[in-house]
Amino acid sequence: MTVENLPNVGLGTWLLTDFNELKHAIQAAWETGYQHIDTAQVYNNEYDIGVILKDLAIDRSELFLTTKIAPMNYKKHTKTSVHQSLQRLGTDYLDLVLLHAELNKTLNLSAYQALLELQKEGIIRHVGVSNFSIAGIQDLVEATGVKPYCNQIVCSPTTRSAELEAFCLSEGILLTGYSILKPYFTPNPFYPDSALTDAEKAKLDTLCKKYDVGIGQLLNKWALQHHYHIIPKSSNPKRVKENYQLDFDIAASDMSIIDEMNRYSAAEYREDVKKWENNVTEEQLENGLLYEQHFK
Ligand SMILES: NC(=O)c1ccc[n+]([C@@H]2O[C@H](COP(=O)([O-])OP(=O)(O)OC[C@H]3O[C@@H](n4cnc5c(N)ncnc54)[C@H](OP(=O)(O)O)[C@@H]3O)[C@@H](O)[C@H]2O)c1
Numbered sequence: 001m002t003v004e005n006l007p008n009v010g011l012g013t014w015l016l017t018d019f020n021e022l023k024h025a026i027q028a029a030w031e032t033g034y035q036h037i038d039t040a041q042v043y044n045n046e047y048d049i050g051v052i053l054k055d056l057a058i059d060r061s062e063l064f065l066t067t068k069i070a071p072m073n074y075k076k077h078t079k080t081s082v083h084q085s086l087q088r089l090g091t092d093y094l095d096l097v098l099l100h101a102e103l104n105k106t107l108n109l110s111a112y113q114a115l116l117e118l119q120k121e122g123i124i125r126h127v128g129v130s131n132f133s134i135a136g137i138q139d140l141v142e143a144t145g146v147k148p149y150c151n152q153i154v155c156s157p158t159t160r161s162a163e164l165e166a167f168c169l170s171e172g173i174l175l176t177g178y179s180i181l182k183p184y185f186t187p188n189p190f191y192p193d194s195a196l197t198d199a200e201k202a203k204l205d206t207l208c209k210k211y212d213v214g215i216g217q218l219l220n221k222w223a224l225q226h227h228y229h230i231i232p233k234s235s236n237p238k239r240v241k242e243n244y245q246l247d248f249d250i251a252a253s254d255m256s257i258i259d260e261m262n263r264y265s266a267a268e269y270r271e272d273v274k275k276w277e278n279n280v281t282e283e284q285l286e287n288g289l290l291y292e293q294h295f296k
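Its first residue numbered 1, the sequence shown is counted upward by one per residue in this note's numbering.
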């Protein structure tokens, strides 16, 4: 069946750059029923995903494919980079293209307008953003009159931006949560204070026992119950399958136990947003992130 809207559960692919690992993950996802794959120009795996989709003979109309514009491509190369992504992914349209991160107002708008033009041409079905603040979204809407389809943002028990979440939901902008599981395993390098303490992990382990589920299922379900779409990543086919088995409900009192672990403020979120801009140089904006030959 054709997938027109963002599915609730998709496969994340950040750091999945080993061809065989990626292939096994996509195969397991497809066999399980996933219909969404999330990638990005900076993940450097679009070409491999294209090859794998062809190898597995996955019907394009049954897949929702998301990619993200590298911030280096905002100034001059947005459209060229989308055409390169299409070629790498072996497709003639993308279901969703996101601005990967918020930069300054002028750069954001330049890239957003380019995507809206490609949407008019039928190359992109939905245009969205990622890591955008409330102000960043408001600027885009004020200038173009078009709300982004979704905002893909960090969401874990320790890093939930409640103010931004409420804004997006009230504006009808879909939320996609990323790095939901990370703080349970390794400190997320982008959010150094996000690691869960042993006491917090023990509380989550108790909830896993209560619902007879794994940690992936518990936290992914928690995010879904907060109205997020989710894109868990796993290189392990068993865990890819497990992340889709979410047919249980977390009671409100247990949701609160997880919610209380949040230590991420709206001010911190705004500071994090600024870091993205500081990481892109003028030279990178001039040259863009365009891959040579073979697109790898
Ligand atoms: N827009 C952005 O700026 C942005 C930033 C970060 C991520 N993302 C997207 O969001 C996706 C998900 O985020 P993420 O990659 O940071 O990580 P994640 O989904 O939070 O997963 C973190 C780690 O948990 C492990 N894991 C997954 N399922 C598990 C399970 N059921 N049980 C135990 N362990 C499990 C995985 O390791 P194994 O591989 O060993 O299973 C994985 O490396 C990314 O892949 C990417 O597509 C977007």
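Even for Gly, the Cβ is constructed at its ideal location relative to N, Cα and C. All values reported here derive from a predicted model rather than from experimental measurement.
Outcome for residue i when other beta-carbon atoms lying within 10 angstroms are tallied against a minimum of 16
{"i": "glutamine 2", "result": "The sequence given here has threonine at residue 2, not glutamine. It counts as exposed."}
{"i": "proline 183", "result": "buried"}
{"i": "glutamate 46", "result": "buried"}
{"i": "asparagine 5", "result": "exposed"}
{"i": "threonine 186", "result": "exposed"}
{"i": "aspartate 48", "result": "buried"}
{"i": "serine 170", "result": "exposed"}
{"i": "glycine 136", "result": "buried"}
Contact set for residue i: own chain, Cβ-Cβ below 7 angstroms, skip 5 residues either direction
{"i": "serine 235", "result": "Leu16, Glu21, Ala25"}
{"i": "alanine 223", "result": "Cys155, Gly177, Ile180, Ile230"}
{"i": "proline 71", "result": "His100, Ala101, Leu103, Trp276, Val280"}
{"i": "glycine 305", "result": "There is simply no residue 305 to check, as the chain begins at 1 and stops at 296 in what is shown."}
{"i": "tyrosine 191", "result": "Val154, Thr159"}
Beta-carbon proximity list for residue i, same chain, < 6 angstroms, skipping 5 on both sides
{"i": "asparagine 243", "result": "Gly216, Asn220, Pro232"}
{"i": "lysine 275", "result": "none"}
{"i": "lysine 105", "result": "Asp139"}
Spatial neighbours of residue i in its chain, beta-carbon cut-off 8 angstroms, leaving aside the 5 residues before and after
{"i": "aspartate 92", "result": "Leu86, Ile123"}
{"i": "glutamine 225", "result": "Asp249, Ile250, Met255"}
{"i": "leucine 289", "result": "Gln41, Val42, Ala70, Met72, Asn73, His77, Ser81"}
{"i": "glycine 172", "result": "Lys147"}
Residues that DSSP places opposite residue i in a beta bridge
{"i": "threonine 67", "result": "Val97"}
{"i": "glutamate 176", "result": "Note that residue 176 corresponds to threonine in the displayed sequence, not to glutamate. Threonine 176 pairs with Gln152, His229."}
{"i": "serine 130", "result": "Gln152"}
{"i": "isoleucine 37", "result": "Leu11, Leu65"}
{"i": "isoleucine 124", "result": "Leu94"}
Residue-chain proximity (residue i, chain D), Cβ-Cβ < 9 angstroms
{"i": "aspartate 48", "result": "Absent from the structure: chain D. Only one protein chain is present."}
Assess, as a yes-or-no matter, whether the stretch 29-42 is touched by the stretch 248-255 under the definition of 3 or more beta carbon pairs within less than 8 angstroms. Short answer: they don't touch.
Contact between the stretch 269-287 and the stretch 64-79 is defined here as three or more beta-carbon pairs at a separation below 8 angstroms; is this criterion met? These segments touch.
Give a yes or no on contact between the stretch 48-65 and the stretch 94-111, applying the rule of three or more CB pairs nearer than 8 angstroms. Yes: the two stretches touch, three or more of their Cβ pairs being nearer than 8 angstroms.
Looking at C-beta atoms only, is the number of pairs between the stretch 200-211 and the stretch 136-155 that lie closer than 8 angstroms three or more? Segments in contact, no.
Would you check if there are 3 or more beta carbon pairs closer than 8 angstroms linking the stretch 110-122 to the stretch 158-165? Segments in contact, no.
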